[in-house]
Amino acid sequence: MLLHISFISSSVSPLKMKSFDTSSVVESGAGAGNNVDDDCREKRTGTLITASAHIITTVIGSGVLSLAWAIAQLGWVVGTVILVAFAVIVNYTSRMLADSYRSPEGTRNYTYMDVVRVYLGGRKVQLCGLAQFGSLVGVTIGYTITASISLVAIGKANCFHDKGHGAKCSVSNYPLMAAFGIVQIFLSQIPNFHKLSFLSIIATVMSFSYASIGFGLALAALASGKVGKTGLTGTVVGVDVTASDKLWKSFQAAGNIAFSYAYSVVLVEIQACILSINDDTLRSSPPENKVMKKASLAAVSTTTAFYILCGCIGYATFGNQAPGDFLTDFGFYEPYWLIDFANACIAVHLIGAYQQVFAQPIFQFVEKKCNQAWPESNFITKEHSMNVPLLGKCRINFFRLVWRTTYVIFSTVVAMIFPFFNAILGLIGAVAFWPLTVYFPVEMHISQKKVKKYSVRWIVLKLLVFVCLIVSLLAAIGSIVGLISSVKAYKPFHNLD
């Protein structure tokens with residue numbers, strides 16, 4: 008089956024961008040020339056600032072909290088080099104992807120898969136869909152895990168504050184995962200989530216709040232002189248870890264870093280929002296590919312600087328014993344109220360991001376396919392209006408109700424079975440990084456620019472693809488080994504404590 012994604016309401020970051028409703032085509036004659044773009048859709052309003060903000064708020068998420076652990080596995084030298092190397096590669100391939108947004112004849116492509124279909128076609132479109140959807144599904148599961156861990160940490164922090172740091176404070180993840188799932192079931196029924204701009208703003212503030220609090224706490228601990236042992240090569244074999252653990256955890260750490268730069272999955276959809284037409288009555292705007300390149304450079308530079316600060320300051324503070332997530336694994340106990348607030352920020356951010364960024368494309372894809380397959384089915388296509396207290400008139404679709412509820416239950420149950428934060432992050436990063444960030448952009452660039460086979464440029468590009476493939480495979484293996492190790496010592500649906 009040929010896969011196709013329709014991003015109807017997935018505003019990549021928790022910022023409002025109306026043109027993410029890429030399915031809302033302005034009918035011919037429905038609007039004046041100044042109200043529509045060259046594709047007869049509602050005029051785009053995206054700018055360099057909004058595109059940069061979307062990338063930054065998409066990238067800076069829960070993955071930042073695992074960077075101290077990743078640096079601890081890799082060491083000062085390799086860890087920092089990998090952080091910078093991933094940043095350079097991501098920016099380089101993002102520039103290629105930005106140039107592929109329009110077809111050779113100048114028409115727009117609204118999704119990543121549309122771009123792949125135009126330049127590569129065939130089975131590569133299906134492979135792109137598998138990678139993109141696999142990444143989106145994995146992130147929704149990972150976010151369910153992370154949100155529950157953050158909520159558990161709030162209960163534990165209060166317990167430790169009352170009973171002392173040595174107290175046995177056990178809080179079950181599962182009721183909290185179930186609660187997160189229930190909230191998502193309700194939110195998933197909103198057909199156009201991007202209209203809730205106040206939630207978008209809140210989610211943006213939350214992501215920067217908890218990352219900044221984590222950095223501030225680590226910096227304060229470092230300034231106090233209470234630091235762990237660090238080294239150029241990170242954890243020491245025979246002291247901190249075994250030789251095999253050192254190898255596999257290093258690979259897993261590389262996957263975690265790759266996950267922290269995962270925005271290629273939605274880059275095309277961000278670019279589809281950028282204003283880039285000549286308007287004689289207003290102003291002339293630059294081509295969207297040039298705006299996107301500047302936005303990518305600004306966002307990646309800002310994010311990398313923030314990552315180096317968080318990762319390196321975190322490692323300098325905790326040393327080789329850096330926790331997988333230094334807010335939820337109790338790298339800090341006090342001030343407990345600030346740690347509670349930071350973990351609450353994580354939970355609120357993930358509640359919004361689950362729907363706002365990652366789940367909506369999955370929902371819309373299935374709903375579009377079913378509408379095309381059974382257009383006469385009232386169960387699938389008919390909308391029912393009803394008045395809901397506080398919310399006013401709402402539209403209810405029975406298929407949407409059943410399908411979205413089923414998906415949320417599925418992702419919640421999988422999260423309950425595999426509640427392993429670092430291994431999940433590493434696996435998602437490894438699986439999504441190579442195809443979506445490296446392979447497809449490079450292959451489309453070669454096709455678009457007609458790079459001559461076996462030329463120096465062709466060889467360099469192919470070498471980049473091969474090296475990144477090896478890194479992704481090793482990271483995936485390391486994450487799988489980590490998952491297997493965790494599963495052996497874990498009983499499903501029992502407390503993690």
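Taking the working numbering as reference, the numbering of the sequence shown is continuous, increasing by one, and the terminal residue is 504.
Idealized CB from N, CA, C, for every residue including glycine.
- Thinking C-beta only, is Lys301 closer than 7 Å to Ala105? By one-based count along the sequence shown, residue 105 stands at place 98. By one-based count along the sequence shown, residue 301 stands at place 294. No; because the gap between Cβ atoms is not below 7 Å, this pair is not in contact.
- Task: In angstroms with no decimal places, state the Cα-to-Cα distance between Ile63 and Glu383.
- Result: Within the sequence shown, the letter at position 56 stands for residue 63. Within the sequence shown, the letter at position 376 stands for residue 383. Roughly 42 Å separates the two Cα atoms.
- Buried versus exposed call for Ser473 [16 or more other C-beta atoms within 10 Å across all chains shown]: For the purposes of this step, residue 473 is taken as the residue at position 466 of the sequence shown. Checking the displayed sequence, the identity of residue 473 turns out to be Phe instead of Ser. So Phe473 counts as exposed.
- For my contact list, Ala306 and Val66 are in at a C-beta cut-off of 8 Å; report their separation, rounded to the angstrom. Working through the sequence shown from its first residue, we reach residue 306 at position 299. Working through the sequence shown from its first residue, we reach residue 66 at position 59. Confirmed, about 7 Å.
- Task: Would you mind listing the alpha helix (DSSP H) stretches within the segment 57 to 134 that are 4+ residues and don't spill past its ends, in chain order?
- Result: 74 to 106 and 119 to 126
- Is Asn165 helix, strand or coil by DSSP? Translated into the one-based positions of the sequence shown, residue 165 becomes position 158. The answer is helix: DSSP assigns Asn165 an H, G or I state.
- Query: Hey, Thr153 and Leu357: beta-carbon distance below 7 Å or not?
  - Reply: Here residue 153 is taken as the residue at index 146 of the sequence shown, counted from 1. Here residue 357 is taken as the residue at index 350 of the sequence shown, counted from 1. Yes, they are a contact pair.
- Contiguous beta strand (DSSP E) assignments of at least 3 residues, all confined to the segment 376 to 404: Complete beta strand (DSSP E) runs here, min 3: 391 to 395 and 399 to 403.
- Message: Given this structure, state the Cα-to-Cα distance separating Leu10 from Phe405, to the nearest angstrom.
- Response: Translated into positions along the sequence shown, residue 10 becomes position 3. Translated into positions along the sequence shown, residue 405 becomes position 398. A caution first: Leu10 carries a pLDDT of 36, below 50, which makes its placement in the model unreliable, though a value can still be read off. In a straight line, the C-alpha of Leu10 is about 24 Å away from that of Phe405.
- With contact counted as at least three CB pairs below 8 Å, one residue from each stretch, are the segment 256 to 272 and the segment 71 to 91 in contact? yes
- Task: Report yes if the C-beta distance between Gly318 and Ala94 is below 7 Å; otherwise report no.
- Result: For the purposes of this step, residue 318 is taken as residue 311 along the sequence shown, with counting starting at 1. For the purposes of this step, residue 94 is taken as residue 87 along the sequence shown, with counting starting at 1. Not a contact, by the Cβ cut-off of 7 Å.
- Query: My guess is that Glu374 and Arg407 are in contact by the Cβ rule of under 8 Å, so how many angstroms apart are they, rounded?
  - Reply: By 1-based counting over the sequence shown, the position of residue 374 is 367. By 1-based counting over the sequence shown, the position of residue 407 is 400. Sure, about 6 Å apart at Cβ, within 8 Å.
- Message: Do Gly149 and Ile435 count as a contact pair if the criterion is CB distance below 7 Å?
- Response: Start at 1 with the first residue of the sequence shown, and residue 435 comes out as number 428. Start at 1 with the first residue of the sequence shown, and residue 149 comes out as number 142. Result yes, Cβ atoms of Ile435 and Gly149 sit closer than 7 Å.
- Item | Nearest-angstrom Cα separation, counted from Glu276 out to Ser492 | Counting from 1 along the sequence shown, the entry for residue 492 is found at position 485. Counting from 1 along the sequence shown, the entry for residue 276 is found at position 269. Rounded to whole angstroms, Ser492 to Glu276 spans 38 Å at the Cα level.
- Item | Residues near Ile353 by beta carbon distance below 6 Å, same chain, minus five either side | Here residue 353 is taken as the residue at index 346 of the sequence shown, counted from 1. Counting only Cβ-Cβ distances below 6 Å, and skipping sequence neighbours, we find Ser157 and Tyr217.
- Query: Going by the CB atoms, is the gap between Thr324 and Ala225 shorter than 7 Å?
  - Reply: The residue you call residue 225 lines up with position 218 of the sequence shown. The residue you call residue 324 lines up with position 317 of the sequence shown. Contact flag set, yes.
- Task: Compute the beta-carbon to beta-carbon distance between Ala422 and Ile161, rounded to the nearest angstrom, for a pair I have assumed lies under 8 Å.
- Result: Looking up residue 422 in the sequence shown gives position 415. Looking up residue 161 in the sequence shown gives position 154. Their Cβ separation, rounded to whole angstroms, is 18 Å, which puts Ala422 and Ile161 out of contact at 8 Å.
- Excluding the five sequence neighbours on either side, which residues of its own chain have a C-beta within less than 6 Å of the C-beta of Val395, listed in chain order? By 1-based counting over the sequence shown, the position of residue 395 is 388. Taken in chain order, the residues that qualify are Cys401.
- Go through the segment 435 to 482 residue by residue and report every complete run of the alpha helix (DSSP H) that reaches 4 residues or more, in order. 447 to 456
- Query: On the three-state DSSP scale, how would you describe Val244?
  - Reply: In the sequence shown, residue 244 corresponds to position 237, counting from 1. In the structure shown, Val244 sits in a strand (DSSP, three-state: E or B).
- Kindly indicate the opening and closing residues of the alpha helix (DSSP H) around Tyr268. Position 261 of the sequence shown, counted from the start, is the residue given in the question as residue 268. No alpha helix (DSSP H) contains Tyr268, which DSSP labels as neither H nor E.
- Nearest-angstrom Cα separation, counted from Val144 out to Ser392: Numbered from 1 along the sequence shown, position 385 holds the residue referred to as residue 392. Numbered from 1 along the sequence shown, position 137 holds the residue referred to as residue 144. Computed Cα separation, rounded: 30 Å.
- Residue of Asn165, Gln196 and Gly245 minimising C-alpha distance to Phe370: The count along the sequence shown starts at 1 and reaches residue 370 at position 363. Comparing Cα positions, the closest option is Gln196.
- Where Gly113 and Val445 are concerned, what is the direct C-alpha to C-alpha distance, given to the nearest angstrom? Position 106 of the sequence shown, counted from the start, is the residue given in the question as residue 113. Position 438 of the sequence shown, counted from the start, is the residue given in the question as residue 445. Going from the Cα of Gly113 to the Cα of Val445 covers about 24 Å.
- Query: Taking the alpha-carbon positions, what's the Gly171 to Lys233 distance?
  - Reply: By one-based count along the sequence shown, residue 171 stands at place 164. By one-based count along the sequence shown, residue 233 stands at place 226. The straight-line gap from Cα to Cα measures roughly 19 Å.
- Report all residues from its chain with a CB closer than 7 Å to the CB of Ile484; omit the five preceding and five following residues, and keep chain order. For the purposes of this step, residue 484 is identified with residue 477 of the sequence shown, where counting begins at 1. Phe258, listed in sequence order.
- Message: Helix, strand or coil, according to DSSP, for Tyr340 in the structure here?
- Response: On the sequence shown, position 333 is the one that residue 340 refers to. The answer is coil: DSSP assigns Tyr340 none of H, G, I, E or B.
- Local conformation of Ser177 per DSSP, three classes: Taking the first residue of the sequence shown as position 1, residue 177 is located at position 170. Three-state DSSP puts Ser177 in coil, outside helix and strand.
- Taking all protein chains shown into account, do 16 or more other C-beta atoms lie within 10 angstroms of the C-beta of Trp441, making it buried, or fewer, making it exposed? As a position in the sequence shown, residue 441 is number 434, starting the count at 1. Buried: at least 16 other Cβ atoms inside 10 Å.
- Beta-carbon separation of Val123 and Ser110 under 7 Å? One-based indexing of the sequence shown puts residue 123 at position 116. One-based indexing of the sequence shown puts residue 110 at position 103. No, the pair does not count as a contact, with Cβ atoms beyond the cut-off.
- Through-space distance from Ser271 to Val478, alpha-carbon basis: Taking the sequence shown and counting its residues from 1, the one referred to as residue 478 is at position 471. Taking the sequence shown and counting its residues from 1, the one referred to as residue 271 is at position 264. Taking the straight line from one Cα to the other gives about 17 Å.
- Item | Gln196 (DSSP reduced to helix, strand or coil) | Along the sequence shown, read from residue 1 onward, the residue named residue 196 stands at position 189. Coil, per DSSP.
- Message: Going by DSSP in three states, Asp347 sits in which element: helix, strand or coil?
- Response: Position 340 of the sequence shown, counted from the start, is the residue given in the question as residue 347. Note: Asp347 maps to helix in three-state DSSP.
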